[in-house]
Every structure is written in structure tokens, then in C-alpha cells.
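4 protein chains.
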Amino acid sequence: MTASRRTFASDNWSGIHPSVLAAIVAANDGGDHVPSYGADPVTTEATRLFRRHFGDDAQVFFAFNGTGANVVGLQSLLRPFEAVICADTAHINVDECGAPERHLGSKLIAVPTPDGKLTPALAEAAAVGTGDEHHVQPRVVSITQSTEVGTCYRVEEVEALGRWAHNHGMWLHLDGARLSNAAASLGVGLGAFGADAGVDVLSFGATKNGAMGAEAVVSFRSDEESSLRYIRKQSMQLASKMRFVSAQFAALLSDDLWRTNAAHANGMARRLADGVAVIDGVDVAYPVEANAVFASIPPEVTEALQERYPFYVWDEAAHVVRWMTSFDTTEQDVDDFVAAVDKLTGSHPSPSG
Amino acid sequence: MTASRRTFASDNWSGIHPSVLAAIVAANDGGDHVPSYGADPVTTEATRLFRRHFGDDAQVFFAFNGTGANVVGLQSLLRPFEAVICADTAHINVDECGAPERHLGSKLIAVPTPDGKLTPALAEAAAVGTGDEHHVQPRVVSITQSTEVGTCYRVEEVEALGRWAHNHGMWLHLDGARLSNAAASLGVGLGAFGADAGVDVLSFGATKNGAMGAEAVVSFRSDEESSLRYIRKQSMQLASKMRFVSAQFAALLSDDLWRTNAAHANGMARRLADGVAVIDGVDVAYPVEANAVFASIPPEVTEALQERYPFYVWDEAAHVVRWMTSFDTTEQDVDDFVAAVDKLTGSHPSPSG
Amino acid sequence: MTASRRTFASDNWSGIHPSVLAAIVAANDGGDHVPSYGADPVTTEATRLFRRHFGDDAQVFFAFNGTGANVVGLQSLLRPFEAVICADTAHINVDECGAPERHLGSKLIAVPTPDGKLTPALAEAAAVGTGDEHHVQPRVVSITQSTEVGTCYRVEEVEALGRWAHNHGMWLHLDGARLSNAAASLGVGLGAFGADAGVDVLSFGATKNGAMGAEAVVSFRSDEESSLRYIRKQSMQLASKMRFVSAQFAALLSDDLWRTNAAHANGMARRLADGVAVIDGVDVAYPVEANAVFASIPPEVTEALQERYPFYVWDEAAHVVRWMTSFDTTEQDVDDFVAAVDKLTGSHPSPSG
Amino acid sequence: MTASRRTFASDNWSGIHPSVLAAIVAANDGGDHVPSYGADPVTTEATRLFRRHFGDDAQVFFAFNGTGANVVGLQSLLRPFEAVICADTAHINVDECGAPERHLGSKLIAVPTPDGKLTPALAEAAAVGTGDEHHVQPRVVSITQSTEVGTCYRVEEVEALGRWAHNHGMWLHLDGARLSNAAASLGVGLGAFGADAGVDVLSFGATKNGAMGAEAVVSFRSDEESSLRYIRKQSMQLASKMRFVSAQFAALLSDDLWRTNAAHANGMARRLADGVAVIDGVDVAYPVEANAVFASIPPEVTEALQERYPFYVWDEAAHVVRWMTSFDTTEQDVDDFVAAVDKLTGSHPSPSG
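Chains as they are written, first to last, in my numbering: chain U, 1000 to 1352; chain A, 1000 to 1352; chain S, 1000 to 1352; chain H, 1000 to 1352.
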């Protein structure tokens, strides 16, 4: 087979959505000098759009990448002897090369979950040692929305975690690298996962939803409390020509492009999951609620399929693979892929077949 | 006065050079998915271009901003009990919100200099306490090229520092946020400030020379020795859609756009310095060897001038201000500015005038 | 009941063994000034004694406490993007208030074990992500000897872990807060758990074996490689009047006092375990191989027993408690305690009894 | 010459004062088990004695060494993007192997002073960049009492710094490794340098005043605000057999032994300074206000003198040496030393002599 133009490897294998690129180009128009580090009109406008979603008290700090946004946001919430409770599948726990431990100095308390989602009961069980100086002090609950296994927290599930955290003197952090996908999937606004739900700080990701590279830390505490300005700068996440980061957000948050892109990607995942669900030998592993499909397939199918369609193996032992869709995935892409899975699986019938 | 379209505040107030923007657009063309995190053809090409300048042994790691590139590069050279000798004016010492101390865990030994430039003699005097466990161990000499005060190290000056460092079991780091300006000013290639000059790791900046946001760490040690891949990721400086960072470098390093842009900016600074040098009450403070002009002017002139042309005061007490030129500064911009300085200074004659 | 003079709470509730105290007093005799920071004859002698056990290549660095010794030793072995594989029960993982993450910047990969002991197979399963920049790089295997649940690694078990670690480009670290107890239990010398067994760095604890407060980092790498001198000082673990730390080691390592004390404590744990094993309602939870007994007992017994004999609950949910013996625990102490357990348990018969 | 039994190298070359050693021995008497980590009667008593000096609101945390006490105390006052203003001669700046930068993550802003003492004017000049995210934010003024050059802050000088710090939203930290010497010299109580003087956190050193190894962090903020319990533990400064640290403080703070020892050491320095002041070729470099004498002497005298009396050269270039006295320095020691200086200096007349 020849390689496909579009893959199911990751939503960060996509390029830039045309409207986002146009916004970057427009921000460069005219050649005027503008103040650096965010004191420019594009950043002001992008911030205004964020506040339309998250409320006027939202403090917004743009950053370069998801790891940066997570570390910066978390750092505003805790000190090194305090700990973060998260799912063991959390991006901060497994995919950031230890950046959280390194930069926070804090321990992550990683909790196994059936579906990538924390619950108050799981957090409660993990929050041990409070008041004991020999033990790290649980201080932040961090959740990912949508989760790393493609599931979504319902609004009331986030609210329950917010209440639990606040009742225990803790903060709720949300890694929203794919928050748009969750909001689109649940049919709610982005603000549904802000202060109203009890979230104290969140990372909002644009990169995986059609941007070139743009992430934001949204905090519902005052600047003075959070000191996020200084934390961002010291954490090497302050862009000098900020307007070109801001323009990406402005494009996505205008005309609900964020939702259009995310809903499309979600729909493609749904279509993919529906397509493979009926294939013998393929078992979808988690509820498909965002833009990811996890499935167990025969390992020899994986190998043959990857020649044409790069994607990642999620769990080597269990033969579970991950297929991500993106804003630019087409129905044809999905249908071709499903057909390829079908063909390859059929040519490798199970012994009992 | 009305505000000028172009200012002398900083070279990061400029936008994107058209060729750089075109390269970003081109990298998005077609909509193909490409591997993230640098395993893409654009990054391969940009790396090839770097090696044309710095040699085949150069290891190149793209990063988001200058602070990130400096911290990542330095981190590959030292451990927390080891120290960095730098000029007290160094960007790492005064303009990065303590990021080096924070992320390296190391002390910066800041040395006063007459012109922003370290020398072996200055480094020697600062390198005390070797072998004494109570004292940080000097391990890296870090220089900025061109310096924060707009001067340039001659090639042989860098070589002398390289020899001194290596003779003392130390490394030489170069913060090249404006390396292009220095190379253009001295009429040499970028590679003149690489391994041949004894530099072990350098930051190469594109942002201030017409890019949107692109910096690189160039190391002359093997990957295995430097571990820069892991350091970059853990330091939150790894871009997922890397090709759009790489494309910026590819544009600047092709057809010597880096030199054209830098030489132009340098020329505008020269023109500006020449223009103000003859004005009574204006004293140029440092040799103008790159794209910065420092001058002492009457404080009331500063205030009036800033209304139309934003720029920064460098030394409040000494009334020294900084004027930066950029790739997009025009002769008209400079001449208008000089005329404004002349007019404002003339209207504020010194008591003895 | 009235409180007992001796408890089973922890071996650090004991005071100082008379010979250790005598050595401290002797080190003060005469009132001569001696060089600080370890350049004194007592430290020289203590180091000589360590080398008699661990070989002439052993580099010895005295430290204040176990957390300090562990963090200092580990820091000589890895960089922040590298990780430590340890048992989830490891002291470094649960009892040091996150000091390892804080000071190493590294992730601990905590592995569940049936008996507190890692194996090559467990390490192998945990050592994932090698070569992947998104993932921390496993670099050190850290084991505790004797373990936190009172079991001991056989010499060949340590050797197997050393071989596995070295074959995978990793180091083997040993937390020997109770190494004396393990060596005494297994009837081997302390050196059996040094370089010959493949251990690269170990913490050797004296405090829990009759000292006042004295721990050592023993490294089998050269000073130049490990830089432990600087790491210790920067880690706030360098004593100025070092001779009084050293004297404690000199006392314990002369005349095999370390073994006498440890063997006695082990014997008392054995006696205690044997005593309670026959009591209905008491189940000893782990093999009793050092100076700790873990047992599940009815929660109401725990409460009543703690009034007279302070001790810690190990696992609230499983009603497992921990009883530690010490160098100064007497047979009478143990017999009285067993009698108390017997009496209290008898008065709380199980429903089926 | 043969080596002297007592030297002028450092007050940490002395042993333990008999009363301190007796207190350690007494704390071990009886062999009872007592709770570890400070929940013991000796620690309670030592804390009570501290509060008699520093007031009932003083929170007291014992630590192992001065570096530890300084880092722990400072850590309770600032975050990594915040900076510490200190004299360039400060122990935290030059003698702790970079531990403050390493563990605080913060920059030290080191200020040259004529006499080792900061003033509000010096602090004011150093406190730049407030509100600028590119710059570290000054947050703590740290002073050493008595200073590293043997001078003392008057009470009103400390008060002035406290007022200045608090008026600028900053804290005042005091490194009191030799606070006893200062209080004895000025004829005031220890509490004169506590909350009443505007000090927020101080390190109180016992080691250099006759203890074996005992330092304390005294904070005037509530436990909840400072979190010092957790900071101390995570910083590896929590002793398990705490009572033996506490006993040293109890001994020094009872019967004013702290003052007796310090006053004696101060008197010996005075005697030494008076003795050498009349010797040609010897110039005392700083006011002798505590237990240190700094003097410039001919370098050949230094060398000959060190053969018998070890001491440190303070400033190689200026031929300035440091002579420390201690609680156990005798008049005879001083007189013999002065005679030796006299003799050696006389035998090396200056060319013009």
C-alpha cells in the first residue's frame, strides 16, 4: 500500500486550519510595530473572546504548548510539598517527560481508573497523609477533558470533583488540551468547564483543534493570588511576538470555529468506531465520546495497517491501538481506513473463525 | 505627535518577514498529515541548512523562545552545583525572570564589564572556589553575541574565551538571540561562532530577525552526551507541529535572508547613530556594532520622544536610552526619528548651550 | 494501663547505645580544635572502617538523616529527566514528603510488590519508554534493605537486580536505613550489599541501630564521576563538627556492634512474631526477617493496645499494624507485650469464636 | 613550630561545651523510648525556652545545619520568581555551594557593602524591576547577624530594614548563625532581633557557640502560613531522634550559657584585635564587634603563621586574613598567638621599614 495523506496517528499531525492561518497572516498585515509580550490589540481581542466563554473574571495567559500550559497552571496552585492527584493515564503523568515533577517539585499521585476519569471516591482514596509532615500534602485534583482514552466528563461529574476538592481545601485543575472536543461532544459551551463547574485553573488547547501552536492557561483566581504572569515568564512560556499566538485563538473562538472543528473530528471518530465495531476481531475498548477510538485488534493487523496509516499502539500487551481523528479528517479517509481494517482483519481470521 | 508605525522599542515589535510567512504557509500546503515533534521533512531540511553553517556534527534542537533555548542549552552543560559565568548585563542574568536559576538550580556569577563583553581575564577573576565544596563550581562561560549593549565579540575574542574555558575544564555557551546581527556586522558566517571558535552550545535566534517565533539550540556534543532531546521536552520547549517552527528557519537560512535582514537592521542602527551623534545633548554610549543604539539624552526629551516613538530607558540614573532597529526599519523611519530627536533636543538646550 | 517504658513504635524511638554515646564523648575529649567538615582524625578512622567492610574503592560521605542520604546518593546517579524504579512501599516514595521528586526533579516509578521487594521482572515491566523523549528515562533501580515490610533481599536477589540494571544501562541504589538488620539476619557482612552485589550507591543507616543521628552515603564510583562532595554540601547534608557524626559510625563498626545491635533487634522481632502467631485473631502479614512484625489484629485491640504501647497502623483498611523492635528491646518487653496482645485479643473474640 | 591545640580557623573547629554534652547525655538517661521527630519532652522544653526569648508566637523548627536552616526559613517566605536581597559577603551567597538558588529556585541579588551590612538605601537600590514579569521580584531582605566580617547590626538598624521591607511588601530574614555573639556584643537579648525588630524568620545557630550540631528556624508567622513543618521535612532537615538536637538548645538557653559563651568569644576577639593592632604591618580591616578579627598582614607572615595556627585567608589579593575566636579560646591562646604574629611580622619588616 502507499501511505495515506491523512493518518490516524494524532490530531497534532494535522496542519493549520485555513481560518487560523488567515488570522496569523492578517495579524502581520501592514507591518506596523506592536508591543511585544501581549500588550497588543490582537491579544486584547483574544482575551475578550476567552472572557465571553469563561466570564469576566477569567485571567488568560497564552503559552506555547500543552506541557507548558499544564505546568504553569499547576504551579500557580501548589508548592513543592503539595501533591497532584490525577488519573494514571493523565498526560501530565506519562507523556511530559516528567516536566511536572521537575518544575513543580511535587509528587503526582497517579490513580488507576476504568475509563480515564477520576471521581470523588477515587480522589478520596488517594488523598492520604493529610497533616502528616512525612507525606506529601494532596492539594490539586487534575483531570483531563476529554480524557486520554477519549471519554468525557459530564458537567455534573466535574462539578462533583470541584465540590469535593474545595471541601477538602484543594484546587481543581483541568487539562483541556481537547476541551473543545468534550464541549462539542456534550453540546455545552466551553464555560461549562470553568469556574461554574468548580474548575480553578485550566489549560485550553488550540493546537490539536486546528491551530499552529497555541495553548492557554485560564485561571479564575486574581493575578495577585496566582502570580501567573511571573510563573509563565520564568517557565519559558512567554512569547515575544504574542499576537501570532493570540490570533490563532481569536480565529477559533470567533464564529464557533472551535466547535465546528471539534464536532467534525468527533463525528469522524464516531464514524470510524461504528465502521470497525462490526468487524470480527476488532473490539472498541472505551466509549467513543470525543475524537479518539481505542480498539484491540490482532497484532499482525496492526503491523500491516501501520504501513499505510501511521498510528500508535496504546497497550502492547493487550493489542490495543489508538486512532485519532482531526478537524481535517474526511469521511472518505475514514471509510478507506475502515475498509483497510476490514480487509486486513478478514485476511487474518482468528483460529476459531 | 501621532504614534509612528514603526518604533525603536525592540526588534521583537516587528512582525514576520514576508518570506518567513510564506514558508509557514507553504509548510501547510496540501493538508497532508506529517509526523509531529520534528520527524517531518521541513525539520529535516531546516536541520540540513543549520549543518551547512555549523558543520555536520551540529545537533540542532528547535525551541519556542530565547529564554527556553538558553535554559535548555545551558542545562545540557552543567549540574546544579556548577555555575555560569556571564556579564552582569546578560539576558540570562537580568531579563528572564530568574529562569536560569530556577531551572538549572545553578548560580550565575555576574561580572561587570565595560562593554557587555567577557574576556578571559574577567572570567579568570570570577572563577574562584574551584575544588572547594562550599563554593559553586564554575563550569560554563556564557556570552551574548551580539551583546545586550549592541557590541560584538570579534571571532578571535570568542576563540580566546573558548580556549580559556576548555583549558579550565569549562564549557563555552553563546546566547545568539542576535547572532545574525553579529555575523553580518563582522562579515563572517554563522559558523564562525560555532565549534571552530570553541563554542560548545549556542542559542540561535530567528524571532528578532524576521521570524514569528523560532529559536534553536545548536550543540556540538553528541546526543548521548548532551541528552538535549529529553532536556528540551522536559523543559516544555518541544513543539508538536514542529514544521511550522522549522519552516521559519528554512526561510531565513536559504538565500542568506538571515544576513540580508540583519545587515539591514545593523545599517539602520548605524544611520541612526550617525544621525544623533551630531546632536548637542546626545551622547552615544557604546560602540554601535549591531542593531542597537544606546545614548544618553536629557530625560525631558525621552519623555516627549516616547509619545510618538516607544522605546525603553536602559539606565534611569544615567539617562541612557536604548533604540533598536529591525529588519523592517526604513531609512525614512530613521531620518524622521533623528529629526524628532534633533527638534526635541534643540528645544531643550542645555544650560550651557 | 500505664505507658510502657519501651514501645514498638519505631526503632527511632530508642535513645543512643552507650558505646555510641561514649564515642561521642571521647571525640570531644581534650578540647583540641580539629578541622571541620570532615578533615579530622575521627572521620578518617570511620572512613577506614567503612572501607574494611565495603572495599578500598568505597567513597564515604556522612550525612544527617536517611532522607538526606537517599536524596544525595540518588542525585549522584541521575538527571531530572531520568527516573527511579522503586517498590511502591519504598521510604523514598511514601515517607519523605516528596523530597526525592523535589530535589532530584525526577519521577519515581512506584511498583506494587507482594513483599516489598523488587525483582528483575518487576523492574523490566516498569522500565518502559526508553528512548522516547516524551517519557522519563528509567535510570536507577532503588531497593530498600531490609525492606519497609521487614523482609530481606537475599544476596543473590540483589546481585540479580544489579546485573539487570547494569545490562540496561541503569544503576542500582540501595536504601540501607536498616542494612545492619538485613546483614545480621542473613549472616553476611555489610559488604555483601556493596559493589560485589552490583550496588552502585547505598545509604547506610546508623540512627535506627543505636546511633544518635548518623547516616552515610557509600558510593562505588570515583569522586570525580559522582561529584558527591558538592552534592552533599549543596543538599544541606554536610556537618561542620563532623567528628561527632563520624564517632557514631566508628563505634558501631568497631567490634561488630552494628551486628550485635541488629541481631538483637531481629531476635526480639522473631520472639514477638512467634509469641503472637499462636494468638487467635492475630495474623502475621509478612515474613519476619528483620526487626519488624506486621500483623492484622482486630481494630478494637489496636486501640486498647496503643494506650500502653504506642505503635503505628500500617494499613487502616486491612487492620494491619506494625511493631518495630530495637537494639534496646528486652525479652521482658516482648513477653509483656505479647501477653497484652493475648489478653486484649481474648477479650474481643471473633464472632465465630 | 608545633601546631597549637586551639586555632583561629573557625568557631566550628571547637568541640562541644561540657554543659551541652551533659544535656545530650541526660536526654539519653534511663533508656525510655520517646516519640521521634520532635514529639518529645526535651523538644517541648527547648521550644518553651525559645519562646521565653522570642515571644509566644514564635514557631520553632530545629534543623541540622546553618545552610539547612537558612534554606528552610527562606523557602517559607518566597516563591521561585521572587528574589532575595543580601550582602555580597552573605553566607547564603558565597559559602553554601549554591544551596539557596538550588532549593529556592530564586535569584540572590548580591549587594556590595562596606562592612557586610545592608541598609534600607542599599536595599532600595537593589530592589528594581518590581511589577516587570521579565525581572525577578524582590521579596526578601536577608541579613546576617553578626555579619560575615564580624560586624553587628544595631537593633535600630535591623528595625529600619524591617520597616523598609514591610513597607515594600517584602519580608526580613536574619541569618543568625552567630546571633548570640551579636546579642552579647550589643548587650541585648536574643529577642531584640525577633518580631519586635521586624524580623519575620531567622536562623538561630548553636553549633558555633558550643553545641555539637544544632540550628533552629524561628518564624513569627503561623504554621499554616509558613508551612514550615512540611518544608523542613521535604528539605531533609527533620531529625528523627530530635531530643538530642533539642537538648543542645535547652542547655544553651538555660542559665544564659549562650551569652556566657558568646561574650567570652567576643572578648577574646577584642583581646586579639587589641594585641595585633599595635604591631607594625598588621591592619585590622573591620570593626571588631563579635568573635572575628580580619586583618591585612604580609603574605609571608600568613604562611609562616598558618604552620602553627591554621586560619583562612579571606582576600588573597588584599592579603586580608580571618581569625575567629570561640567559646573555648583562652587568654593564653590569644596572647601566644599575638606574640607569634608579632615575632613573625617583626622578622619580615617591610622594605620601607
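Quick reminder that beta carbons are idealized off the backbone N, C-alpha and C, glycines included.
Here the structure is a predicted model, which is why all the values come from computation and not from measurement.
If the five residues before and after Ala1262/S are omitted, its C-beta is found closer than 7 Å to the C-beta atoms of Ala1183, all from its own chain and listed in chain order. Taking C-beta atoms as the reference points, Ala1057/H and Phe1219/H count as a pair closer than 8 Å. Contact with chain H is absent for Gln1074/S, since none of that chain's Cβ atoms lies less than 8 Å from the residue's Cβ. Burial check for Arg1004/A: the Cβ neighbour count within 10 Å stays below 16, so the residue is exposed.
In the assembly as shown, Gly1161/S is a buried residue. Its beta-carbon has 16 or more other beta-carbons within 10 Å.
Ser1202/S is a Cβ neighbour of Ala1068/S, given a cutoff of 8 Å.
With the criterion set as a beta carbon lying under 7 Å from some beta carbon of chain S, the members of the region 1114-1148 of chain A are Glu1132, His1133 and Gln1136, in sequence order. Secondary structure note for Ala1294/H: its beta strand (DSSP E) is the uninterrupted segment Ala1291 to Ser1295. Secondary structure of Gly1266/A (DSSP, three-state): helix. The region 1185-1201 of chain A and the region 1311-1326 of chain A do not touch, with fewer than 3 CB-CB distances between them shorter than 8 Å. Here Asp1094/H is near His1133/A, since their CB atoms are less than 8 Å apart. Scanning Leu1271/U, Glu1302/U and Leu1077/U for the CA closest to the CA of Asp1332/U turns up Leu1271/U. Just so you know, the alpha carbons of Ser1325/A and Gly1280/A end up roughly 25 Å apart. For Ser1202/H, no Cβ of chain U is located within less than 8 Å of the residue's own Cβ. For Met1241/U against Gly1030/U, the beta-carbon gap comes to about 17 Å, at or over 8 Å, which does not count as contact. The DSSP-derived three-state label of Pro1137/S is strand.
Under the DSSP definition of a beta bridge, Phe1060/U partners with Val1216/U.
Only Arg1101 and His1102 from the region 1100-1112 of chain H bring a Cβ to less than 8 Å from some Cβ of chain S. Under the rule that a run must span 4 or more residues, the alpha helix (DSSP H) segments found entirely inside the region 1072-1134 of chain H read 1090-1093, 1098-1103 and 1119-1125. Rounded to the nearest whole angstrom, the C-alpha separation of Leu1252/A and Ala1045/A is 8 Å. If you check the CB distance, Gly1115/A and Thr1066/A do not come in under 8 Å. Inter-segment contact for the region 1168-1178 of chain H and the region 1098-1116 of chain H is absent: fewer than three beta-carbon pairs are separated by less than 8 Å. In this structure, Ala1008/A lies away from Glu1214/A, with their beta-carbon atoms at least 8 Å apart.
The C-alpha of Pro1040/A lies about 13 Å from the C-alpha of Ala1022/A.
In the DSSP annotation of this structure, the continuous segment of the beta strand (DSSP E) that includes Val1320/H starts and ends at Val1319 to Met1323.
Under DSSP, Ser1202/A takes part in a beta bridge, and its partners are Asp1174/A and Val1216/A. Within its own chain, the residues whose Cβ lies closer than 8 Å to the Cβ of Ala1276/A, once the five positions on either side in sequence are excluded, are Val1283, listed in chain order.
Straight across, the Cα-Cα distance linking Arg1050/U with His1167/U is about 28 Å. In the structure shown, Thr1042/A adopts helical secondary structure according to DSSP, grouped into three states.
By the Cβ test, the region 1130-1144 of chain S is in contact with the region 1073-1081 of chain S, since at least three Cβ pairs between them sit closer than 8 Å. DSSP places Asp1327/A outside any beta strand (DSSP E), giving it a letter other than H or E. Taken atom to atom, the span from the alpha-carbon of Thr1118/H to that of Val1198/H is near 14 Å. DSSP, read as helix, strand or coil, puts Trp1313/S in strand.
Interface flag for Val1093/H against chain A is set, since a Cβ pair is found closer than 8 Å. A Cβ of chain A is located within less than 8 Å of the beta carbon of Lys1232/U.
Relative to Leu1304/S, the option among Ser1225/S, Thr1344/S, Ala1246/S and Met1267/S whose CA is nearest is Thr1344/S.
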